[in-house]
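Chemist: Going down the list, the sequences are from chains C and A.
Each residue of the first sequence is one higher than the one before, counting from 11 in the numbering used here.
Each residue of the second sequence is one higher than the one before, counting from 11 in the numbering used here.
Protein chains: 2
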Amino acid sequence: MWENGLTKLLKIKYPIIQAPMAGGVTSSELVAGVSNTGGLGMIGAGYMSPDQMQNQIREIRQLTDKPIGVNLFLPSNYTANEEKLHKAKALLQSVKEKFNIEKEPVLPAHEQDIKTFNEQLNIIIEEKVPICSFTFGLPSPEVVVKMREFGIIMIGTATTVQEALMNEKAGMNAVVVQGSEAGGHRGTFHTEEKHSLIGLMSLIPQVADRINLPLIAAGGIMDGRGIMAAKCLGAVGVQMGTAFLVCEESGANTLHKEAIINASEEEVILTKAFSGKMARGLNNTFIEEMSRYEDVFPEYPLQNELTKEIRKASAANGTTEYMSLWSGQSPRIAKKLTVRELMNNIVMDVEKTRGSL
Amino acid sequence: MWENGLTKLLKIKYPIIQAPMAGGVTSSELVAGVSNTGGLGMIGAGYMSPDQMQNQIREIRQLTDKPIGVNLFLPSNYTANEEKLHKAKALLQSVKEKFNIEKEPVLPAHEQDIKTFNEQLNIIIEEKVPICSFTFGLPSPEVVVKMREFGIIMIGTATTVQEALMNEKAGMNAVVVQGSEAGGHRGTFHTEEKHSLIGLMSLIPQVADRINLPLIAAGGIMDGRGIMAAKCLGAVGVQMGTAFLVCEESGANTLHKEAIINASEEEVILTKAFSGKMARGLNNTFIEEMSRYEDVFPEYPLQNELTKEIRKASAANGTTEYMSLWSGQSPRIAKKLTVRELMNNIVMDVEKTRGSL
């Protein structure tokens, strides 16, 4: 009943992928927990150094012998606009003072990002990680050929039909279709951000009508109802972020988990204030204060570096008001469970939903 | 298999409601066609005079003896801000000159709107229309008592969990849950517009967990896949707009129908430029030109009156660039069919989707 093209491709029991949330959410316990209960656990390696990533892969291997995956961010090409940087720094100064932050941000450099990305790819090959997914773009033809040579399954991300077609053409083995409901950063890499906010009810069937890759639905899916709905629309699997983020094993800050569990869907909004790239999370003071300056911020990942210490200090001070509280649009369904409890609930829920049709 | 609480309540065969699109889309042929093929045809009476509405009800009664419904707009309370009106008129002047429009807009008056609404209610009672739905708010307790006395089924509209709870409390018999995917005006009446754009994948289950009314899913649903997905999420029926708008029997302008059929999902955006209230439709020159002035426009329905002649003139001149081309987020699935063909396709599609699970 659960077996399909995707479960066979990924060698997993249930077509349920734990979203590779970056920034420390994907603890080894979370990733291994998901893989051990029949889903696919994934490391969100977007902000990791090659060493950190390698260490975590090895740590997880001690906890599970099931398939796991790693997600990488394609290095974005950006130019440091001095005027924008100056303005953004000035805007953030009062917040920095509030938390007594003196550390100056170290701006990223594109060449270094590319070097890191290539090293990450080599570790994936070296560590024989069976599955690698990509966000914020597509790997080059050379990378695709190399990964394929080593038998690594590649999963891309798309937020529009056009981006899904580009994934297919680039040689991805499957594609995550990210709906507007999704928490965290938009994976948009080709379409203009404001034209890429398509709800899954619309996005999945329109993509399914045009591409032949296995589709993995992402955005707002929290339980068996969402999984069955995604299947009806043409997906063969789902990628769930928020539902796993609030799990006991997740590495997310407790304040973040509790904020989601207590939130309503109206509090989940879009902002570029934390990173320069559009992302979905719970509204707070920082987002409100910065909402007038969305066009002022330097582009991703520059703004991300500028706000890094602020987010850290907010958490350290026990307040959620200056943290990035990424969440999808279904916080009311979020429950504090262990991964095993969540997976069990989902499987039972799918049976129940199927029976009700 | 199709029978459920909603089909019994509305006395229809299939839980498929044709969205009561205002502005001439819901021709008598469309409404009767939907009811005659087992769905619920609805008159979008939002912009109609009581007489127009009464005439259409009588005309449709010649074409079908099945249940039909009427949708009314709750009169919005607004104040004519002279400065905003002046600015908006100035902004629109060049477009008016382009089309040689000399007619001065007649601004609506709230007292008149209330009078019209009450007359519409009386006609619904007089003509024994079995079903009445409401948009942009909820009827007063007095109206609810009166409608109930005459056995009229009342359907409200909600875009958030909070609004759905308000519908339940107000005594609605069912509620349309409008996702962010939906075309045309947002039905939002309580939540701030920018916090009310929830995708159906998130919205339906969160509402279903909290209210006991039959839920009707609206937004991006075009075929049996969407209907089955909505059922999985907790809805018992669907309301479809765009799919019926492009049907041969619909009264929408041919230019509008063709624009949708040729559009991609990326072209469907949100704008307040036509009416002062947020609505979803295809991007065009007018929306682009006005996008910088979203905060300048007077509120609904004032801006709607200011742009009325422009939209008409655009259509009359054979260009879509200044028309309001309302559409949901799934234009790629839109097909030019007769109502009967569409309904047949949906029923077959539902069987197919069910069989694939």
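Note that the Cβ used here is the ideal one computed from N, Cα and C, for glycine as well.
Treat the numbers as computed from the prediction; the structure is a model and nothing was measured.
Identify whether A:C2 lies in helix, strand or coil by the three-state DSSP scheme.
Modeler: In the structure as shown, chain A begins at 11 and stops at 367. Residue 2 of chain A is therefore absent and cannot be evaluated.
Chemist: Please determine if the stretch 124 to 138 of chain A and the stretch 76 to 88 of chain A are in contact, where contact requires at least 3 C-beta pairs separated by less than 8 Å.
Modeler: Yes, they touch.
Chemist: Can you confirm whether A:P215, when its beta carbon is compared against all beta carbons of chain C, has any partner nearer than 8 Å?
Modeler: Position 205 of the second sequence, counted from the first residue, corresponds to residue 215 of chain A. Chain C contact via Cβ: present.
Chemist: Taking 8 Å as the cut-off, decide whether the C-beta atoms of A:K267 and C:L367 are in contact.
Modeler: One-based indexing of the second sequence puts residue 267 of chain A at position 257. One-based indexing of the first sequence puts residue 367 of chain C at position 357. No, Cβ-Cβ distance for A:K267 and C:L367 is not below 8 Å.
Chemist: Measure from the alpha carbon of C:S143 to the alpha carbon of each residue in C:R342, C:V187, C:H120, C:A245, then state which is nearest.
Modeler: The residue given as residue 143 of chain C occupies position 133 in the first sequence. Here the closest residue by C-alpha is C:V187.
Chemist: If you measure between the beta carbons of C:H200 and C:M176, is that distance less than 8 Å?
Modeler: For the purposes of this step, residue 200 of chain C is identified with residue 190 of the first sequence, where counting begins at 1. For the purposes of this step, residue 176 of chain C is identified with residue 166 of the first sequence, where counting begins at 1. Yes, Cβ-Cβ distance for C:H200 and C:M176 is below 8 Å.
Chemist: So the candidates are A:V248, A:D305, A:G194; which of them puts its Cα closest to the Cα of A:L280?
Modeler: Along the second sequence, read from residue 1 onward, the residue named residue 280 of chain A stands at position 270. A:L280 has its Cα closest to that of A:G194, out of A:V248, A:D305, A:G194.
Chemist: Would you say C:M300 faces chain A, with C-beta separation under 8 Å as the test?
Modeler: As a first step, residue 300 of chain C is located in the first sequence; it is residue number 290 there, counting from the start. Cβ-Cβ to chain A under 8 Å: no for C:M300.
Chemist: Should the stretch 346 to 354 of chain A be called in touch with the stretch 252 to 260 of chain A, which here means at least 3 C-beta pairs below 8 Å?
Modeler: These segments touch.
Chemist: Who are C:S143's beta bridge partners in DSSP?
Modeler: Locating residue 143 of chain C in the first sequence gives position 133, counting from the first residue. In DSSP, C:S143 forms a bridge with C:N81, C:I165.
Chemist: Between A:L225, A:A283, A:S86, A:V139, which lies nearest to A:E69 when the distance is taken from Cα to Cα?
Modeler: What you label residue 69 of chain A is simply residue 59 of the second sequence in a count that begins at 1. Considering only alpha carbons, the answer is A:V139.
Chemist: In whole angstroms, what separates the C-alpha of A:L223 from that of C:P151?
Modeler: By 1-based counting over the second sequence, the position of residue 223 of chain A is 213. By 1-based counting over the first sequence, the position of residue 151 of chain C is 141. Going from the Cα of A:L223 to the Cα of C:P151 covers about 53 Å.
Chemist: Pop quiz: A:Q28 and A:M232 are said to be a contact at Cβ under 8 Å. What is the actual Cβ separation, rounded to whole angstroms?
Modeler: The residue labelled residue 28 of chain A in the question sits at position 18 within the second sequence. The residue labelled residue 232 of chain A in the question sits at position 222 within the second sequence. With a Cβ gap of about 13 Å, A:Q28 and A:M232 do not count as contacting.
Chemist: What number of angstroms, rounded off, separates the C-alpha of C:V35 from the C-alpha of C:A262?
Modeler: Taking the first residue of the first sequence as position 1, residue 35 of chain C is located at position 25. Taking the first residue of the first sequence as position 1, residue 262 of chain C is located at position 252. Straight-line Cα distance between these residues: approximately 5 Å.
Chemist: DSSP has C:A240 in a bridge; who is on the other side?
Modeler: If you number the first sequence from 1, residue 240 of chain C lands on position 230. DSSP, once it has assigned bridges, lists no residue as partnering C:A240.
Chemist: Relative to the C-alpha of C:Q72, which residue among C:M157, C:P60, C:S38 is closest?
Modeler: For the purposes of this step, residue 72 of chain C is taken as residue 62 along the first sequence, with counting starting at 1. Selected option, being the one with the closest Cα: C:S38.
Chemist: Near A:A289, what residues of its chain come up, given a Cβ to Cβ distance below 6 Å and the 5 sequence neighbours on each side ignored?
Modeler: On the second sequence, position 279 is the one that residue 289 of chain A refers to. Only G194, H195 meet the Cβ criterion.
Chemist: Looking only at its chain, what residues have a beta carbon closer than 6 Å to the beta carbon of A:L16, apart from the 5 residues adjacent to it on each side?
Modeler: Taking the first residue of the second sequence as position 1, residue 16 of chain A is located at position 6. Only P25, P224, V246, G247 meet the Cβ criterion.
Chemist: In or out: A:N183 buried (at least 16 other Cβ within 10 Å) or exposed?
Modeler: Stepping through the second sequence from its first residue, residue 183 of chain A is reached at position 173. When all chains shown are included, A:N183 counts as buried.
Chemist: Residue ranges of each beta strand (DSSP E) run of no fewer than 3 residues wholly in the stretch 271 to 342 of chain A, ordered along the chain?
Modeler: Runs found: 278 to 281, 289 to 292.
Chemist: Quick check: what's the CA-CA separation for A:E92 versus A:P308?
Modeler: Residue numbering aside, residue 92 of chain A sits at position 82 when the second sequence is read from its first letter. Residue numbering aside, residue 308 of chain A sits at position 298 when the second sequence is read from its first letter. Those two C-alpha atoms are separated by around 9 Å.
Chemist: Quick one: Cα of C:F254 to Cα of C:S190, how far?
Modeler: Counting from 1 along the first sequence, the entry for residue 254 of chain C is found at position 244. Counting from 1 along the first sequence, the entry for residue 190 of chain C is found at position 180. Roughly 19 Å between the two C-alpha positions.
Chemist: On a Cα-Cα basis, can you pick out the residue from A:A227, A:P215, A:I356, A:E121 that is closest to C:Q339?
Modeler: Numbered from 1 along the first sequence, position 329 holds the residue referred to as residue 339 of chain C. Selected option, being the one with the closest Cα: A:P215.
Chemist: In the stretch 34 to 65 of chain C, which residue ranges form an unbroken alpha helix (DSSP H) of at least 4 residues, counting only runs that do not cross its ends?
Modeler: If we require 4 residues or more, the alpha helix (DSSP H) runs fully inside the stretch 34 to 65 of chain C come out as 38 to 46.
Chemist: Do A:G230 and A:G236 have their C-beta atoms within less than 8 Å of each other?
Modeler: For the purposes of this step, residue 230 of chain A is identified with residue 220 of the second sequence, where counting begins at 1. For the purposes of this step, residue 236 of chain A is identified with residue 226 of the second sequence, where counting begins at 1. Yes, Cβ-Cβ distance for A:G230 and A:G236 is below 8 Å.
Chemist: When you compare the CB of A:R196 with every CB in chain C, is at least one pair closer than 8 Å?
Modeler: Residue mapping note: residue 196 of chain A aligns to position 186 of the second sequence, counting from 1. No, no contact with chain C.
Chemist: Going by the beta-carbon positions, is the gap between C:V278 and C:G291 smaller than 8 Å?
Modeler: Within the first sequence, the letter at position 268 stands for residue 278 of chain C. Within the first sequence, the letter at position 281 stands for residue 291 of chain C. Cβ atoms of C:V278 and C:G291: closer than 8 Å.
Chemist: Is A:A174 close to chain C? Criterion is C-beta to C-beta, closer than 8 Å.
Modeler: Translated into positions along the second sequence, residue 174 of chain A becomes position 164. No - not a single Cβ of chain C is within 8 Å of the one on A:A174.
Chemist: Give the single residue among A:K287, A:A283, A:E304 whose Cα lies nearest to the Cα of A:F388.
Modeler: Missing from the structure shown is residue 388 of chain A; chain A here goes from 11 to 367 and no further.
Chemist: So, is C:R158 buried or exposed, given that buried needs 16 or more other C-beta atoms within 10 angstroms?
Modeler: Your numbering for residue 158 of chain C matches position 148 in the first sequence. Burial call: exposed.
Chemist: Is DSSP giving A:L225 helix, strand or coil here?
Modeler: Here residue 225 of chain A refers to the residue found at position 215 of the second sequence. In the structure shown, A:L225 sits in a strand (DSSP, three-state: E or B).
Chemist: Taking C:Q66 as the reference, give the member of C:M11, C:E137, C:K97, C:K94 with the closest Cα.
Modeler: The count along the first sequence starts at 1 and reaches residue 66 of chain C at position 56. Selected option, being the one with the closest Cα: C:E137.
Chemist: Within 8 Å (strictly less), CB to CB, does A:Q130 reach chain B?
Modeler: Of the chains in the structure shown, none is chain B; the protein chains are C and A.
Chemist: Looking at the structure shown, is A:G247 part of a helix, part of a strand, or coil, going by DSSP?
Modeler: As a first step, residue 247 of chain A is located in the second sequence; it is residue number 237 there, counting from the start. Correct three-state label for A:G247: strand.
Chemist: Note down the Cα distance separating A:T329 from A:M31, rounded to an integer number of angstroms.
Modeler: The residue given as residue 329 of chain A occupies position 319 in the second sequence. The residue given as residue 31 of chain A occupies position 21 in the second sequence. Taking the straight line joining both Cα atoms gives about 21 Å.
Chemist: By how many angstroms is the C-alpha of C:I270 removed from the C-alpha of A:Y332?
Modeler: Here residue 332 of chain A refers to the residue found at position 322 when the second sequence is read from its first residue. Here residue 270 of chain C refers to the residue found at position 260 when the first sequence is read from its first residue. About 42 Å.
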